[in-house]
Amino acid sequence: MRKIKLFIASSLDGHIASEDGGIDWLFSDADYGYSSFYDSIDTVLVGRKTYDKALEFEKYPFKGKKVYVFTQRLADKSGDVEFASDAAKIAKRLSESQGKDIWLVGGSEIVTALLNAGLIDEIILSIHPIVLGRGIPLFSNIHKRCKMTLIKSTAFESGLVQLHYKVQRDT
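Using this note's numbering, you'd call the opening residue of the sequence shown number 790 and step up by one each time.
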């Protein structure tokens, strides 16, 4: 089975973006494990607002990957990009299929939906040493406690700390 991995950055106070969706506060001085992570996946799950923001980047960030964009505003499939509305159903089907691991990019709404559905296997969280005060939270409206087991922690000279957790399943 493939693993669904949330690889995401947050501020020290748990925000993944400023109130207007801005991410100009994220470090871009080093790779922070991104390249090797990107090589380990072949599928991307992303919410519509996050996908639209990614299209503003100078380089398309999901090149060579199958992308599922979750939205209520469905659009026609375009190349490697498919638009869908039921994140949990598609994530479950993909996790049971053959292939490399799956990158859950974000944003907050899809992270919440898949965590509540028990479909996230691992969380790799890069915490930036900044307090935004306000912004879009990483987690909101989580229905129950979700315990994690620490796999690895890495502190970088920049002050960024990366935490890699395995999500514990209810037994």
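Ideal Cβ placement from N, Cα and C applies to all residues, glycine included. Computed from a predicted model, the values in this text were never measured in an experiment.
Closer than 6 Å by C-beta to residue i: which residues in its own chain qualify, once you throw out the five before and the five after it? Chain order, please.
| i | result |
| --- | --- |
| Ile899 | Gly836, Phe859, Ala876 |
| Tyr827 | none |
Who are the near neighbours of residue i in its chain, counting only those whose CB is closer than 8 Å to its CB and skipping five residues on each side?
| i | result |
| --- | --- |
| Ile940 | Glu911, His953, Tyr954, Lys955 |
| Asp818 | Ser947 |
| Ser799 | Ile805, Leu914, Ser915, Ile916, His917, Leu927 |
| Ile925 | His804, Ile805, Ala806, Ser807, Glu808, Gly810, Gly896, Ser897 |
| Lys855 | Asp831, Thr832, Val833, Asp869, Glu871 |
| Leu908 | Ile793, Ala877, Ala880, Lys881, Ser884 |
| His932 | Asn905 |
Considering Cα atoms alone, identify which of the options is closest to residue i.
| i | options | result |
| --- | --- | --- |
| Lys889 | Asp802, Gly811, Val833 | Val833 |
| Asp841 | Asn930, Val870, Asp820 | Val870 |
| Leu801 | Lys792, Gly810, Trp814 | Trp814 |
| Lys936 | Asp959, Arg923, Gly853, Gln887 | Asp959 |
| Asn930 | Tyr849, Phe851, Ala902, Arg862 | Ala902 |
| Arg923 | Ile812, Met790, Ser874 | Ile812 |
| Ser942 | Arg862, Met790, Gly822 | Gly822 |
Would residue i be called buried (16 or more neighbouring beta carbons within 10 Å of its own) or exposed?
| i | result |
| --- | --- |
| Thr938 | exposed |
| Ala880 | buried |
| Thr961 | Absent from the structure is residue 961, since the part of the chain shown begins at 790 and ends at 960. |
| Val894 | buried |
| Phe846 | exposed |
| Tyr849 | exposed |
Of all the CB atoms in chain D, is at least one closer than 7 Å to the CB of residue i?
| i | result |
| --- | --- |
| Lys881 | Reference to chain D is not applicable here, since this structure consists of a single protein chain. |
For residue i, which residues from the same chain have a beta carbon less than 7 Å from its beta carbon, with the 5 sequence-adjacent residues on both sides left out?
| i | result |
| --- | --- |
| Val920 | Ser800, Leu801, Asp802 |
| Gln957 | Lys936, Met937, Thr938 |
| Phe796 | Phe826, Trp892, Ile913 |
| Ala944 | Val950 |
Since residue i contacts residue j with CB under 8 Å, what's their CB separation in whole angstroms?
| i | j | result |
| --- | --- | --- |
| Tyr857 | Ala873 | 6 Å |
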